[in-house]
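Student:
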Amino acid sequence: VSYYFPLKTLWRTFLCAMMAALTLGYMNPYGNGHLVVFNINYRNPWQLFELIPFILIGIFGGCFGAFFIKFNIMWCRIRKTTRLGRYPIIEVFVITIVTSLISYPNEFTRISMSRLISELFQNCGPDDTSHLCDYVYMTNVTQNVNSEYYPHRSLGPGVYESIWKLILAVILISVMSVLTFGIKVPAGLFVPSLAVGACAGRVFGIAMEILVSSYPNFFLWSSVCSKTKNHCILPGLYAMTGAAAGLGGVTRMTVTLVVIMFEVTGGLTYIIPFMVAIMTCKWVSEAFGQDSVYTEHIRLKGYPYLDTKEEY
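Note that the working numbering has the sequence shown beginning at 249, numbered continuously upward.
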């Protein structure tokens, strides 16, 4: 978290990280021989016109980060003055019960966040049966779900139903994350921020699919989308970009976050979309405040901290 990182500590951290990676590789926890948590099964190239929605996703991530930091710090100050804040075990129990009750009706918040993120990062094929993949394929030939080439498809009612469920998931996870981060549980920031961004990014991706299919001859994408069977819009890519923007808005990380997204997805092809969304997100979030949520919590708790020098 600190910008002033001693070289000796850096080497110790590097050694620990290397040993952790070697141990993880030997244990093979995912059963596929990879260390990638959210491995993606596609490598389709992204298109130049998609920089526009990637920038919009970055703007969303910046606004989300500013919202999260402002209201989380406000809630943490209120917590100190309430009776519930003096009984941390009861507070955790109450938040757990409330989260379970309001999360269960929505299929996207009912499952674990890691599974949700993994599903949102993937693209849909003819063999998928979830509402998120309710597409009508204009063909009689069943193709491999992992193939880069699919027949023409149109959005079914399940996809439209998934849009408002994803929007509700964004609102629910955002509010619960604000209330959760800071309680006496070592969790509540990284994965929820990724989940919020992934849900929002998937909505952006579906919206782009609708836009491209409704106006196939629009000049921005007519040359790359209307004359090929290869899908030029990948909703999973938008979910990954949204996840990066969501986490970037809260933590204000830049280069490090790009590397993290590449590591957890294996999507080297999509480095530039990550960079565009994360930089846009950082500029937008810093328009509301310069400090990350970590810095704000360090100041709130009164811990000693060497912050960055102000430039005049």
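From the three backbone atoms N, C-alpha and C, an ideal C-beta is built for every residue, glycine too.
Which word fits VAL512, buried or exposed, when buried means at least 16 other C-beta atoms lie within 10 angstroms of its C-beta?
Tutor: Walking along the sequence shown from the start, residue 512 turns up at place 264. By the 10 Å Cβ count, VAL512 comes out buried.
Student: By how many angstroms is the C-alpha of THR528 removed from the C-alpha of LEU304?
Tutor: Within the sequence shown, the letter at position 56 stands for residue 304. Within the sequence shown, the letter at position 280 stands for residue 528. Roughly 8 angstroms separates the two Cα atoms.
Student: When you compare each of ALA446, ALA493, ALA455, LEU468 to PHE286 by their alpha carbons, which one comes out closest?
Tutor: Residue 286 sits at position 38 when you count from the first residue of the sequence shown. Among ALA446, ALA493, ALA455, LEU468, the Cα nearest to that of PHE286 is on ALA446.
Student: Does the distance from the C-beta atom of LEU505 to that of ARG450 stay below 8 angstroms?
Tutor: The residue given as residue 505 occupies position 257 in the sequence shown. The residue given as residue 450 occupies position 202 in the sequence shown. Contact flag unset, no.
Student: So, ALA487 versus GLY453, is the Cβ gap smaller than 8 angstroms?
Tutor: Your numbering for residue 487 matches position 239 in the sequence shown. Your numbering for residue 453 matches position 205 in the sequence shown. Cβ distance < 8 angstroms, so ALA487 and GLY453 count as in contact.
Student: Using DSSP with H/G/I as helix, E/B as strand and the rest coil, what is SER540?
Tutor: Residue mapping note: residue 540 aligns to position 292 of the sequence shown, counting from 1. If DSSP states are grouped into helix, strand and coil, SER540 belongs with coil.
Student: If we ignore side chains and look at the alpha-carbon of each, how far apart do GLY273 and THR257 end up?
Tutor: Taking the first residue of the sequence shown as 1, we reach residue 273 at position 25. Taking the first residue of the sequence shown as 1, we reach residue 257 at position 9. Roughly 24 angstroms separates the two Cα atoms.
Student: Under 8 angstroms by Cβ, that's how I've got GLY430 and CYS311 pegged, so tell me the actual separation to the nearest angstrom.
Tutor: Taking the sequence shown and counting its residues from 1, the one referred to as residue 430 is at position 182. Taking the sequence shown and counting its residues from 1, the one referred to as residue 311 is at position 63. That belief does not hold up - the Cβ atoms of GLY430 and CYS311 are roughly 21 angstroms apart, past 8 angstroms.
Student: Under three-state DSSP, which class holds LEU263?
Tutor: Along the sequence shown, one-based indexing puts residue 263 at 15. LEU263 falls in the helix class under three-state DSSP.
Student: In angstroms with no decimal places, state the Cα-to-Cα distance between ARG500 and SER533.
Tutor: As a position in the sequence shown, residue 500 is number 252, starting the count at 1. As a position in the sequence shown, residue 533 is number 285, starting the count at 1. So the alpha carbons of these two residues sit roughly 8 angstroms apart.
Student: For THR489, which residues from the same chain have a beta carbon less than 6 angstroms from its beta carbon, with the 5 sequence-adjacent residues on both sides left out?
Tutor: Translated into positions along the sequence shown, residue 489 becomes position 241. Within the same chain, THR489 has close Cβ partners PHE302, ILE305, GLY449, PRO521, ALA525.
Student: Going by alpha carbons, who is nearest to ILE343 out of ASN371, VAL498, GLY313, VAL423?
Tutor: Here residue 343 refers to the residue found at position 95 when the sequence shown is read from its first residue. That would be VAL423, whose Cα lies nearest to the Cα of ILE343.
Student: Buried or exposed for CYS473, going by 16 or more other Cβ atoms inside 10 Å?
Tutor: Here residue 473 refers to the residue found at position 225 of the sequence shown. Buried, since its Cβ has 16 or more Cβ neighbours within 10 Å.
Student: Can you give me the start and stop residues for the alpha helix (DSSP H) that TYR290 sits inside?
Tutor: As a working note, residue 290 is residue 42 in the sequence shown. Unbroken run through TYR290: none, as it is neither H nor E.
Student: Considering Cα atoms alone, identify which of TYR335, LYS413, ILE321, MET456 is closest to GLN357.
Tutor: Residue mapping note: residue 357 aligns to position 109 of the sequence shown, counting from 1. According to the sequence displayed, residue 357 carries Thr and not Gln. Minimum Cα distance to THR357 is reached at LYS413.
Student: From what residue to what residue does the alpha helix (DSSP H) around ARG327 run?
Tutor: Residue 327 sits at position 79 when you count from the first residue of the sequence shown. 299-329 is the span of the alpha helix (DSSP H), which, as asked, contains ARG327.
Student: Check whether the Cβ atoms of LEU420 and ASN320 lie closer than 8 angstroms to each other.
Tutor: Residue 420 sits at position 172 when you count from the first residue of the sequence shown. Residue 320 sits at position 72 when you count from the first residue of the sequence shown. Contact: no.
Student: Judging by CA-CA distance, which residue of ASN289, LEU255, PRO277, ASN276 is the nearest neighbour of LEU516?
Tutor: The count along the sequence shown starts at 1 and reaches residue 516 at position 268. The candidate whose alpha carbon is nearest that of LEU516 is ASN289.
Student: Could you give the DSSP three-state label for LEU403: helix, strand or coil?
Tutor: To locate residue 403, count along the sequence shown from 1; it is residue 155. Looking at LEU403 - three-state DSSP - the assignment turns out to be strand.
Student: Please say whether CYS372 and LEU380 have beta carbons closer to each other than 8 angstroms?
Tutor: Against the sequence shown, residue 380 aligns to sequence position 132. Against the sequence shown, residue 372 aligns to sequence position 124. Yes.
Student: When you compare only the Cα positions, how much space is there between PHE297 and TRP469?
Tutor: Taking the first residue of the sequence shown as position 1, residue 297 is located at position 49. Taking the first residue of the sequence shown as position 1, residue 469 is located at position 221. Spanning the two alpha carbons is a distance of roughly 7 angstroms.
Student: Might you give, ordered along the chain, the residues of its own chain that have their beta carbon closer than 6 angstroms to the beta carbon of SER441, omitting 5 neighbours on each side?
Tutor: As a working mapping, residue 441 is identified with position 193 in the sequence shown. Closer than 6 angstroms at Cβ, skipping near neighbours: GLY494, LEU495, VAL498.
Student: Could you have a look at TYR335 and say whether DSSP puts it in helix, strand or coil?
Tutor: Residue mapping note: residue 335 aligns to position 87 of the sequence shown, counting from 1. Of the three classes helix, strand and coil, the one that applies to TYR335 here is coil, per DSSP.
Student: Comparing C-alpha positions only, which one of PHE341, TYR335, ASP376, ILE481 sits nearest to ILE458?
Tutor: Looking up residue 458 in the sequence shown gives position 210. Taking only the C-alpha atoms, the option nearest ILE458 is ILE481.
Student: Less than 8 angstroms between the C-beta atoms of TYR383 and SER360, yes or no?
Tutor: Working through the sequence shown from its first residue, we reach residue 383 at position 135. Working through the sequence shown from its first residue, we reach residue 360 at position 112. Taking 8 angstroms as the Cβ cut-off, TYR383 and SER360 do not qualify as a contacting pair.
Student: Is DSSP giving TYR518 helix, strand or coil here?
Tutor: The residue you call residue 518 lines up with position 270 of the sequence shown. Three-state result, TYR518: helix.
Student: On the CB-based measure, 16 or more other CB atoms within 10 Å of its CB, does VAL460 come out buried or exposed?
Tutor: In the sequence shown, counting from the first residue as 1, residue 460 sits at position 212. So VAL460 counts as buried.
Student: Could you please give the first and the last residue of the uninterrupted alpha helix (DSSP H) stretch that includes SER378?
Tutor: As a working note, residue 378 is residue 130 in the sequence shown. Note, SER378: premise wrong, no alpha helix (DSSP H); not H, not E.
Student: Just verifying my parser: in three-state terms, what is the DSSP assignment at TYR463?
Tutor: As a first step, residue 463 must be located in the sequence shown, where it is residue number 215. Coil.
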